[in-house]
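Numbering (this note's numbering), first residue to last: 5 to 192.
The C-beta atom is built at its ideal place from N, Cα and C for all residues, glycine as well.
Quantities reported herein were computed from a predicted structural model and do not represent experimental measurements.
Read the structure below first, then the notes.
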């Protein structure tokens with residue numbers, strides 16, 4: 005089974021984003037503890053923060069593995085993996101929206117770094133990832149593609165995943181600057 009070029013692009017994009025996200029949370033005890041400590045800002049009770057952190061990390065890992073295996077297993081599996089990614093991104097989008105509605109500024113520990121506070125751009129990022137996963141699921145087909153086209157699609161998905169992982173840096177660079185020429189970090 006081979007996915008369409010769009011399906012390959014979307015599977016690589018979402019799979020790599022989930023892989024980087026899950027690996028960044030388990031790369032060490034401090035990284036996992038920082039992620040778990042950030043969850044109360046999302047409305048998760050402190051006593052449940054570690055189990056929820058483990059569940060989120062396990063879900064990201066499972067979906068990433070499913071996306072990686074999907075070209076080998078079949079059309080139904082690939083569709084299910086991409087739809088699972090869409091559901092996961094939808095849940096994560098809801099968590100970001102919840103955090104934005106709460107008092108205080110929650111940090112984005114999505115990829116192991118928590119320096120950038122959550123903002124509307126994180127909702128946009130997650131909605132784009134959800135759309136990519138749904139688009140990928142809608143374009144899965146048993147039709148073979150040309151190896152060169154599949155390679156270009158996979159490389160494009162990897163490039164886009166890199167941009168998503170560095171989203172905070174990109175939004176910082178594109179943020180309007182104040183009179184001093186420095187970025188306005190007030191979040192307004």
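Inter-residue Cα distance where the pair is residue i and residue j
i, j, result
"residue 254", "residue 155", "Because the chain is modelled from 5 through 192, residue 254 falls outside the range shown and cannot be assessed."
"residue 192", "residue 42", "With a pLDDT of only 46 at residue 192, under 50, the local geometry of the prediction cannot be trusted, and the value read off the model is given with reservation. For residue 192 and residue 42, the distance between alpha carbons rounds to 22 Å."
"residue 22", "residue 48", "21 Å"
"residue 60", "residue 81", "21 Å"
"residue 125", "residue 19", "21 Å"
"residue 69", "residue 115", "17 Å"
"residue 34", "residue 135", "32 Å"
"residue 52", "residue 24", "24 Å"
"residue 112", "residue 91", "20 Å"
"residue 17", "residue 169", "10 Å"
"residue 77", "residue 71", "10 Å"
"residue 63", "residue 123", "24 Å"
"residue 177", "residue 30", "28 Å"
"residue 121", "residue 130", "15 Å"
Buried or exposed by the 16-neighbour rule on C-beta atoms within 10 Å, applied to residue i
i, result
"residue 45", "buried"
"residue 164", "buried"
"residue 172", "buried"
"residue 75", "buried"
"residue 133", "buried"
"residue 9", "buried"
"residue 157", "buried"
"residue 147", "exposed"
Supposed close pair residue i, residue j - CB separation, criterion 8 Å
i, j, result
"residue 161", "residue 13", "4 Å"
"residue 89", "residue 67", "5 Å"
"residue 65", "residue 26", "4 Å"
"residue 127", "residue 97", "6 Å"
"residue 137", "residue 93", "6 Å"
Review point. Hey, is the segment 106-126 in contact with the segment 74-85, meaning 3+ C-beta pairs nearer than 8 Å?
Key: no
Exercise for review: With a floor of 4 residues, list each alpha helix (DSSP H) that falls wholly inside the segment 100-150, ordered by position along the chain.
Suggested key: 124-142
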